[in-house]
Structures are given as structure tokens and as C-alpha cells.
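**Q**
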Ligand code: SAH
Ligand code: MG
């Protein structure tokens, strides 16, 4: 069932293995740890990237020398801090969050992580905020991790506003196992996959819930 993992016996859900690999490869500093553990202190869902996914985001942004990054879906700022840690001097992350309560917690976490100078949290529905951001583009990367029924629209915005060689990255690309379902969420997510694949050299990285990475042509 599971792709290559089940054949090899390797498991992404082995807690001891995960503890080991996350400690060895890019362990959390205090700021990342504080943001990662937000749901233990605040009334917020624990739906941030996993540690390895956060590190992957950071490594991908480093590889392309990203300086201008847009994130759709801030939550508590964990992935935004990951992105900020990847930027060169003068780099900037614009991160979009629907809920003022989430944005407030994220701003605190980002400040505590020493990343406030590089991250701007913008509050409201992403589809309303994105047009005003275009003046800061073209962007090096757009990371999509918000409401799944809008992934097709977020993906199109990304493809229009990325530089050639820029990255479109989409979390939850398996749609919690519902990618092939009928209905607006499945259809939007499949359009996101297909339009990204048409405009990019792309892959769906087999993270626990899939992560699309496309390099815009
Ligand atoms: N990227 C974060 C997790 C984001 S969770 C991390 O890995 O740390 C998804 C977030 O998207 C939630 O905080 C949710 O409130 C927000 N969201 C949902 N719909 C949105 C919309 N239309 N515009 C902007 N943000 C939205
Ligand atoms: Mg996600």
C-alpha cells in the first residue's frame, strides 16, 4: 500500500527514529521549538508541518537562494520561522492568515524566534490579500498550506507571480487521503497538481500527507 516505505520496513511514524533524525538533522533551536509546541499552550490545532517537513522547506529555500517568499496559511508561525531561517540577508517572508487569533500568536512566536524583521504576517482571506502582494514580486517561492478548496486558485496565483526557477510548494497534497474523492476539495487539489505539473518540473514528495514541489519553467 504505502509506496517504498512498506517494502523497506522504514517507517515515518516511528517515534524513536523520528526523535533521532530530527535531533541529528537541523534540530529545533529555541524559537522553532516554541512555535512547534504552540498547541500545548494555546487553543490552536496542531496542524503545523512536521519537523522533517519544516526542515525540507528550509533546505529547498536555501537551495534556490530564496529571498522573497509568500506563505499561505500561517497558523502559529512554525513554517514561517523555518522559511525565515533559510533566507539570505534582506530576505522577506509574507505570510497570510485568515484568523486574527492565529496571527497574533504567530507574531509573538516569530518575535521570540528573532525573525520579526524578516516576516510580515498579513491577516484576512488569502484570496483578498494576494493581489496587493504582487507589487513585491516576482517571488522565489510560494508555500501553500491553507484551505484546501482554494489550492487551485493559490497555485495559479503562484505560477503567475513566481520567477522562472522559483518554487511552488503545496502541503497536504494527498488531501488527508481524499485526493481522488469527488467534490470541490478533491477537484481543487487535483487541479493544483495538474496545473503545477503542466507549468513546472514537479514532484509530489511522499511526506505523510504529500508535498508538491514544482520548479517553474
Ligand atoms: N503553515 C503552517 C500551518 C498552517 S495551518 C505551519 O506549518 O506552521 C492552516 C492555516 O491556514 C490555519 O491557521 C488557518 O486559519 C489558515 N487559513 C484557512 N483558510 C485561510 C484563508 N482563506 N486565508 C488565509 N489563511 C487561511
Ligand atoms: Mg499542512
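Numbering (the numbering used here), first residue to last: 8 to 224. Don't be surprised by glycine CBs; every beta carbon is placed ideally from N, CA and C. Bear in mind that the values here come from a model prediction, so they are computed numbers and not experimental data.
#1: Is the region 85-99 touching the region 167-177 in the sense that three or more CB pairs, one from each, lie closer than 8 Å?
#2: Determine the closest residue to residue 197 out of 215, 40 and 219, with distance taken between C-alpha atoms.
#3: Express the C-alpha separation of residue 182 and residue 191 in angstroms, rounding to a whole number.
#4: When you compare each of 177, 146 and 151 to residue 168 by their alpha carbons, which one comes out closest?
#5: Let me make sure I understand the geometry here. Which of 36, 148, 56 and 221 has the alpha-carbon closest to that of residue 78?
#6: Based on DSSP bridge pairs, tell me the residues matched to residue 130.
#7: Tell me the rounded alpha-carbon separation between residue 163 and residue 93.
#8: Given this structure, state the Cα-to-Cα distance separating residue 62 from residue 27, to the nearest angstrom.
#9: If you count every other CB in all the chains shown that lies within 10 Å of the CB of residue 142, and 16 or more means buried, which is it?
#10: What are the boundary residues of the beta strand (DSSP E) that residue 218 is part of?
#11: Can the beta-carbon of residue 152 be found less than 8 Å from the beta-carbon of residue 178?
#12: Can you tell which of 111, 202, 103 and 107 has its C-alpha closest to the C-alpha of residue 137?
#13: When the distance is taken between beta carbons, is residue 113 closer than 8 Å to residue 91?
#14: Look at the alpha carbon of residue 60 and the alpha carbon of residue 210, and state the distance between them as a whole number of angstroms.
#15: Under three-state DSSP, which class holds residue 78?
#16: At which residues does the alpha helix (DSSP H) containing residue 198 begin and terminate?
**A** Based on what the coordinates show:
#1: Too few Cβ pairs lie closer than 8 Å, so no.
#2: Of the listed residues, the one whose Cα sits closest to residue 197 is 219.
#3: Using only the alpha carbons, I get a separation of about 12 Å.
#4: Taking only the C-alpha atoms, the option nearest residue 168 is 146.
#5: Nearest of 36, 148, 56 and 221 to residue 78, Cα basis: 148.
#6: Paired residues: 104.
#7: Going from the Cα of residue 163 to the Cα of residue 93 covers about 24 Å.
#8: Here the C-alpha atom of residue 62 lies approximately 14 Å from the C-alpha atom of residue 27.
#9: The residue in question, residue 142, is exposed, as its Cβ has fewer than 16 Cβ neighbours within 10 Å.
#10: If you look at residue 218, you'll find it in the beta strand (DSSP E) that goes 218-223.
#11: Their beta carbons are under 8 Å apart, which means residue 152 touches residue 178 by this criterion.
#12: Out of 111, 202, 103 and 107, the CA that lies nearest to the CA of residue 137 is found in 103.
#13: Not a contact, by the Cβ cut-off of 8 Å.
#14: Going from the Cα of residue 60 to the Cα of residue 210 covers about 15 Å.
#15: Residue 78 carries a strand assignment under DSSP once its states are collapsed to helix, strand and coil.
#16: Note, residue 198: alpha helix (DSSP H), 191-206.
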